[in-house]
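The block underneath contains the structure these notes are about, expressed in structure tokens.
There are 2 protein chains.
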Amino acid sequence: MTQRTVLFVSDQTGVTAETLGNSLLTQFDGVEFSQMTVPFVDTVDKARRLAETIDRIADEEGLRPIVIASFVQDEVRAALLECNGLVLDVFEAFLGPLEAELQSLSSHTPGRAHGMVDETKYDERIEATNYALAADDGHAMRDYDKADVVLIGVSRSGKTPTCLYLALQYGIFAANYPLAEEDLETNDMPRGLAPYRAKLYGLTIASDRLRQIRLERRSHGRYATVQQINFELRAAEALFERFRIPYVDTTHSSVEEIASTILNDTGLQRRVRP
Amino acid sequence: MTQRTVLFVSDQTGVTAETLGNSLLTQFDGVEFSQMTVPFVDTVDKARRLAETIDRIADEEGLRPIVIASFVQDEVRAALLECNGLVLDVFEAFLGPLEAELQSLSSHTPGRAHGMVDETKYDERIEATNYALAADDGHAMRDYDKADVVLIGVSRSGKTPTCLYLALQYGIFAANYPLAEEDLETNDMPRGLAPYRAKLYGLTIASDRLRQIRLERRSHGRYATVQQINFELRAAEALFERFRIPYVDTTHSSVEEIASTILNDTGLQRRVRP
Chain A
0 MTQRTVLFVS DQTGVTAETL GNSLLTQFDG VEFSQMTVPF VDTVDKARRL
50 AETIDRIADE EGLRPIVIAS FVQDEVRAAL LECNGLVLDV FEAFLGPLEA
100 ELQSLSSHTP GRAHGMVDET KYDERIEATN YALAADDGHA MRDYDKADVV
150 LIGVSRSGKT PTCLYLALQY GIFAANYPLA EEDLETNDMP RGLAPYRAKL
200 YGLTIASDRL RQIRLERRSH GRYATVQQIN FELRAAEALF ERFRIPYVDT
250 THSSVEEIAS TILNDTGLQR RVRP
Chain B
0 MTQRTVLFVS DQTGVTAETL GNSLLTQFDG VEFSQMTVPF VDTVDKARRL
50 AETIDRIADE EGLRPIVIAS FVQDEVRAAL LECNGLVLDV FEAFLGPLEA
100 ELQSLSSHTP GRAHGMVDET KYDERIEATN YALAADDGHA MRDYDKADVV
150 LIGVSRSGKT PTCLYLALQY GIFAANYPLA EEDLETNDMP RGLAPYRAKL
200 YGLTIASDRL RQIRLERRSH GRYATVQQIN FELRAAEALF ERFRIPYVDT
250 THSSVEEIAS TILNDTGLQR RVRP
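Respectively, the protein sequence lines represent chains A and B.
Position 5 (the first sequence) corresponds to 4 in numbering that gives the first Met the number 0; numbering is contiguous.
Position 44 (the second sequence) corresponds to 43 in numbering that gives the first Met the number 0; numbering is contiguous.
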């Protein structure tokens, strides 16, 4: 398999270049990528030194590195463009058309995207994260009034990481409640959840995948037996259906996909964006 | 102020379009953006219906909406391009040059970026998240062997959100230890941290910002007094200097910036990328 060096480079955090670059690279199956991120390249001098490094890699490998960049400062980008790499810069590509459309010049100021432009937004993410921690795993049910969404599902169906992701990425207040055996043995809505029915969202997962996850955690007892897992999953899905709780199967999904699906299904507004 | 409607649209999760779009929009100060995300537009039919919605918005507002898109399926993108909006598509812009460079066709398959292509990577993020939860706030110090990094700092300096972000975004195992009064009253390395000195990374924060954060949490007692806060911060920074522990000031930084700075300073390798 061909191997290619890829650099995600930015005069800011590099998060945009990484996210975009990773998205693009997943489209190429037949190539193995060796990746590195170089953030905070925010002076012409740093850009020149990086350009030299890129040239050295190009010489050593006999193939020019691929550089996914997001420079807001034109003169810093210009210094990097001197290198012998394929530089694809997202600001270079899109700021022009946006300026034309908005009839407004962009500020070309670093430290804005993913920066703490707005302390309120920062606080919202932190508060949402603290909320997710406090309302994890069935705790703080008396604070469900504050929740934007309450995820329910059996143990290890993906509730906690999803809640934390919703909080950190979008400032969403997400609680989660584990459906335990006593909840699943009746046909009722679990006690305490009934007043929040409109906020409930279910997670389910394929039986064999759940078994694999639970075995890694605890291999003894009923917890990871096929019989127990099948009982729990069937009862949980029946509960979702009975009370018309929307739910998603997390088996083949990343945390990003689960979170996007929940936001899309519920129409919940993001308080903050990545 | 001019107001413009912006849509982040994708046949996948929309995370790339959101991240990129937000990054671009922060460059325009004089415009107020009304934003919405439309993920999973993965058929020509859905794209046509969305194009109609966009046309309706354009009619109502008298200004065409701005559409930041990331379509991997050409025919779906083509259907959306029929709309009366300014469509900037990152795959359209960059896949061509990448295909030429790699002498390889991209797969144009949705569900790859931010998707669970690789179960191992998914597991790494979840395990890192579980680790961050277990090793939060000075817990599970006996498991610091497993940590990639141990964040230390006074209460409310930003340790927990940073650890969770490092875990979810990069699969990094990050523990955190709160510097308490008894740690700060001596000139010694806090007991239990000494064996992990090479993994330590400090967080500090401006005194008035910390006071504001602590007051929201608990307004009585010494916890949020200027005197106490100044003592803690001075002692913590002295500790970082004495033992040459790298540290970052989180006052004006987002979680993304803090995380990028830590990775950059430590040279820690990302296990997973966003």
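Even for Gly, the Cβ is constructed at its ideal location relative to N, Cα and C.
Contact between the stretch 30-37 of chain A and the stretch 4-12 of chain A is present, with at least three C-beta pairs closer than 8 angstroms.
Arg-3 of chain B sits in a strand when the DSSP states are folded into three classes. Any Cβ of chain A closer than 7 angstroms to the Cβ of Asp-54 of chain B would place that residue at the interface, and such an atom is absent.
Closest in alpha carbon position to Leu-87 of chain A, among B:Leu-85, B:Leu-94, B:Glu-180, B:Gly-61, is B:Leu-94. Residue pairing by DSSP puts Pro-177 of chain B in a beta bridge opposite B:Gly-152. Between Leu-192 of chain A and Arg-221 of chain A, the alpha-carbon positions lie close to 26 angstroms from each other.
It is roughly 20 angstroms from the alpha-carbon of Val-148 of chain B to the alpha-carbon of Asp-187 of chain B. Within chain A, Leu-167 have C-beta atoms less than 7 angstroms from the C-beta of Tyr-164 of chain B, given in sequence order. Using a CB distance below 7 angstroms, the part of the stretch 235-261 of chain B facing chain A consists of His-251, Ser-252, Ser-253, Val-254, Glu-255, Glu-256, Ser-259, ordered along the chain.
Between the stretch 126-140 of chain A and the stretch 159-170 of chain B there are three or more inter-stretch CB-CB distances shorter than 8 angstroms, so the stretches are counted as touching. Judged by DSSP in its simplified three-state form, Ser-9 of chain B adopts strand. For Gln-34 of chain A, the enclosing beta strand (DSSP E) covers residues 30-37. Judged by DSSP secondary structure, Thr-203 of chain B falls within the beta strand (DSSP E) whose first and last residues are 199-203. Annotated as proximal: Val-89 of chain A and Leu-19 of chain A, with beta-carbon spacing under 7 angstroms. Runs of the beta strand (DSSP E) lying entirely within the stretch 83-151 of chain B and spanning at least 3 residues, in chain order: 85-88.
Boundaries of the alpha helix (DSSP H) around Ser-259 of chain B: 254-265. In the DSSP assignment, Ser-206 of chain A falls outside any beta strand (DSSP E) and lies within the alpha helix (DSSP H) extending over 206-216. Nothing from the stretch 170-195 of chain B brings a Cβ to less than 9 angstroms from some Cβ of chain A.
Of the residues assessed, Asn-175 of chain A falls on the buried side of the cut-off, its CB having 16 or more other CB atoms within 10 angstroms. Residues Asp-10, Pro-109 of the same chain have their beta carbon placed closer than 6 angstroms to that of Asp-41 of chain B, with the five preceding and five following residues left out of the count. Across the structure, Ala-237 of chain B and Gln-211 of chain B are spaced so that their CA atoms are roughly 23 angstroms apart. Across the stretch 48-79 of chain A, CB contacts with chain B closer than 7 angstroms involve Ile-65, Ser-69, Val-71, in sequence order along the chain.
For Ser-154 of chain A, no Cβ of chain B is located within less than 7 angstroms of the residue's own Cβ. Here Ala-68 of chain A carries a strand assignment [DSSP, helix/strand/coil]. Only residues of its own chain outside the window of five on either side were considered, and among them Pro-64, Cys-82, Gly-84 have a CB closer than 6 angstroms to the CB of Ile-53 of chain B, listed in chain order. Burial state of Thr-185 of chain A is exposed, judged by a 10 Å Cβ sphere holding fewer than 16 other Cβ atoms. Using a Cβ-Cβ cut-off of 7 angstroms, Leu-87 of chain A is close to Phe-93, Pro-96 of chain B, given in chain order. Along the stretch 208-229 of chain B, none of the residues has a CB nearer than 7 angstroms to a CB of chain A.
Under the 7 angstroms criterion on CB atoms, Ile-125 of chain A is classed as interfacial with respect to chain B.
Nearest neighbour of Gln-227 of chain A by Cα position, chosen from A:Val-153, A:Ile-261, A:Tyr-195, turns out to be A:Val-153.
Pairing Ala-223 of chain A with Leu-214 of chain A gives a Cβ-Cβ distance under 7 angstroms. By the rule that beta-carbons nearer than 7 angstroms mark a contact, Glu-17 of chain A touches chain B. Interface flag for Arg-270 of chain A against chain B is unset, since no Cβ pair is found closer than 7 angstroms.
Proximity of Asn-21 of chain A to chain B, defined by a Cβ-Cβ separation below 7 angstroms, is satisfied. Pairing Tyr-121 of chain B with Arg-269 of chain B, the inter-Cα distance amounts to about 13 angstroms.
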